[in-house]
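The block underneath contains the structure these notes are about, expressed in structure tokens.
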Amino acid sequence: MLDDASYTCDACGEQVVVPIDATAGRDQEYVEDCPVCCRPHVLNVRIGDDGAAFVNARPE
Ligand SMILES: [Zn+2]
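Now the structure itself:
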């Protein structure tokens, strides 16, 4: 099951959509570079009971 979620880059303000792989677990954390300004963010992904994905991003 693949879903999409989005976060706002705190360096450039761009809203970035990321694909979420719900099979990887309901609580995921990984580093991804903003596609606009290339700054790394630590993304914390949580999958809710209804399957909706939420992403929190913080600067690495
Ligand atoms: Zn950015």
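Under this note's numbering, the sequence shown is numbered contiguously, ending at residue 63.
The beta carbon of each residue, even a glycine, is placed where N, CA and C say it ideally should be.
Note that the structure is predicted; figures quoted are calculated from it, not measured.
From residue i to residue j, what distance separates their C-alpha atoms?
| i | j | result |
| --- | --- | --- |
| valine 20 | valine 58 | 10 Å |
| cysteine 40 | glutamate 17 | 9 Å |
| alanine 14 | aspartate 52 | 31 Å |
| alanine 25 | alanine 56 | 8 Å |
| alanine 27 | glutamate 35 | 16 Å |
| arginine 29 | glycine 54 | 9 Å |
Sorted by chain position, which residues of the same chain lie with C-beta nearer than 8 Å to residue i's C-beta, five sequence neighbours on each side aside?
| i | result |
| --- | --- |
| proline 22 | Leu5, Asp6 and Asp7 |
| tyrosine 67 | The question about residue 67 has no answer here: the residues shown for the chain are numbered 4 through 63. |
| proline 62 | Asp13, Ala14, Arg42, Pro43, His44 and Val45 |
Please work out which residues of its chain come closer than 6 Å, Cβ to Cβ, to residue i, disregarding the five sequence neighbours upstream and downstream, and give them in chain order.
| i | result |
| --- | --- |
| glutamine 31 | Val48 |
| arginine 42 | Ala14 |
Keeping to the same chain, check which residues put their C-beta closer than 7 Å to that of residue i; ignore five residues upstream and five downstream.
| i | result |
| --- | --- |
| tyrosine 33 | Leu46 |
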